[in-house]
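Here the structure comes first, spelled out in structure tokens, and everything after it is commentary.
Residue numbers (my numbering), protein chains in the order written: chain A, 124 to 404; chain B, -14 to 90.
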């Protein structure tokens, strides 16, 4: 099992390229041809695609640019320039098209991004955009598993259905690791700052998050909420147990959660609209 | 009342809430509550980049959309493994109340 895990880690560390959803590319292209397209507008579209976001963040944080750590798409846009982002987007379009189930995962990620942003704002936390970015990328490990180990991914899915267990448990059984840990490796190999890699790596184990526990807690709670709301498809059919440490860290209560659920559901309609638009193109 | 994406709005539906520019409830509404939608109006709203509208009743039954009972059954199923935990049980109650409110009102 340990062999499998280290073998997988090697594969992940080697991963320099990932595919992206082509609709995002065409949307971005249409925008950048339009002179009025603002950085914010482009950032919004790029942020809707986790792989493209990750590619841009990776580049912004790579030693060849050597600025400081960049952790949001808008910052990356400003630092790298619209043209670099555009050419990145173009080069991404040649990569293989994601399988159908990735659309569900993409919607799930978008939803968790939205939920995390709303929760962070509601609690008056600093760096909401960073928290939302971490939330958008939290399941990036799942994309890697289905991409790099498609056989194992099928086995994992089979196991979750057959034994009615969480994806996480099936992953640990089949590949000796899980999507959160894999996402953490990936984030590290891309030189993403800790405030992004920690929530990705520990969104299922909040107590292991030592430096950015508040952010990790937000991503964990947002993930639970989106699974409870049945938005998108994370691959998990069951709502995870809310970790008490996350609840206590954020000092949540029934009233906050009741208001938050209504706000999220309201916002998810817009997310769906956006996702419908993308698919109809 | 149902909040729907503008692309699913049809002529004849009645607005249940004022429509504001940029979806934010500040400033002057651009289209008032109780207005009956027409094709021309929907086109106009689309040009103004309005994403969603709230309409009376529950006129849009999308593919795969479920009744309250079915939604509740699904909610039960999703919480099957975690409902014995006090925090999850509380979240279950919040969602159940939300579903009842959104389908009934």
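Cβ atoms here follow ideal geometry from the backbone N, Cα and C, with glycine treated the same way.
Everything numeric in this text was worked out from a predicted model, so none of it was measured.
From the options, residue whose alpha carbon lies closest to that of residue i
i, options, result
"residue 284 (chain A)", "A:317, A:240, A:360", "A:360"
"residue 84 (chain A)", "A:194, A:201, A:129", "Here chain A has residues from 124 to 404 only, and residue 84 (chain A) is not among them."
"residue 387 (chain A)", "A:307, A:316, A:291, A:231", "A:231"
"residue 72 (chain B)", "A:385, A:394, A:362", "A:362"
"residue 358 (chain A)", "A:289, A:179, A:370, A:323", "A:289"
"residue 31 (chain B)", "B:-14, B:87, B:-9", "B:-9"
"residue 349 (chain A)", "A:168, A:240, A:172, A:333", "A:240"
"residue 247 (chain A)", "A:193, A:381, A:375, A:356", "A:375"
"residue 367 (chain A)", "B:75, B:83, B:-11", "B:75"
"residue 287 (chain A)", "B:24, B:14, B:62, B:54", "B:62"
"residue 236 (chain A)", "A:176, A:304, A:280, A:150", "A:176"
"residue 87 (chain B)", "B:54, B:16, B:20, B:13", "B:54"
"residue 280 (chain A)", "A:379, A:270, A:293", "A:293"
Rounded Cβ spacing between residue i and residue j (contact assumed at less than 8 angstroms)
i, j, result
"residue 318 (chain A)", "residue 253 (chain A)", "6 angstroms"
"residue 196 (chain A)", "residue 170 (chain A)", "5 angstroms"
"residue 127 (chain A)", "residue 299 (chain A)", "5 angstroms"
"residue 260 (chain A)", "residue 394 (chain A)", "Actually they do not touch by this definition, with Cβ atoms about 16 angstroms apart."
"residue 345 (chain A)", "residue 258 (chain A)", "5 angstroms"
"residue 352 (chain A)", "residue 383 (chain A)", "Not confirmed; about 11 angstroms, so no contact."
"residue 264 (chain A)", "residue 309 (chain A)", "7 angstroms"
"residue 24 (chain B)", "residue -4 (chain B)", "5 angstroms"
"residue 150 (chain A)", "residue 168 (chain A)", "5 angstroms"
Cβ of residue i within 7 angstroms of any chain B Cβ
i, result
"residue 235 (chain A)", "no"
"residue 370 (chain A)", "yes"
"residue 394 (chain A)", "no"
"residue 351 (chain A)", "yes"
"residue 365 (chain A)", "yes"
"residue 290 (chain A)", "no"
"residue 223 (chain A)", "In this predicted model, residue 223 (chain A) has a pLDDT of only 48, less than 50, meaning its place in the structure is not dependable enough to derive any value."
"residue 362 (chain A)", "yes"
"residue 380 (chain A)", "yes"
"residue 162 (chain A)", "no"
"residue 384 (chain A)", "yes"
DSSP bridge partner residues for residue i (one or two, in chain order)
i, result
"residue -10 (chain B)", "B:37"
"residue 16 (chain B)", "B:4"
"residue -1 (chain B)", "B:21"
Chain A within 7 angstroms of residue i, Cβ atoms only
i, result
"residue 23 (chain B)", "no"
"residue 70 (chain B)", "yes"
"residue 6 (chain B)", "no"
"residue 15 (chain B)", "no"
"residue 67 (chain B)", "yes"
"residue 29 (chain B)", "no"
"residue 35 (chain B)", "no"
"residue 76 (chain B)", "yes"
"residue 63 (chain B)", "yes"
"residue 40 (chain B)", "no"
"residue 18 (chain B)", "no"
"residue -12 (chain B)", "yes"
Distance CB(residue i)-CB(residue j) smaller than 7 angstroms
i, j, result
"residue 41 (chain B)", "residue 364 (chain A)", "no"
"residue 268 (chain A)", "residue 276 (chain A)", "yes"
"residue 297 (chain A)", "residue 278 (chain A)", "yes"
"residue 255 (chain A)", "residue 341 (chain A)", "no"
"residue 343 (chain A)", "residue 326 (chain A)", "yes"
"residue 6 (chain B)", "residue 39 (chain B)", "no"
"residue 68 (chain B)", "residue 77 (chain B)", "yes"
"residue -2 (chain B)", "residue 22 (chain B)", "yes"
"residue 18 (chain B)", "residue 0 (chain B)", "yes"
"residue 194 (chain A)", "residue 322 (chain A)", "no"
"residue 337 (chain A)", "residue 372 (chain A)", "yes"
"residue 28 (chain B)", "residue -12 (chain B)", "no"
"residue 329 (chain A)", "residue 339 (chain A)", "yes"
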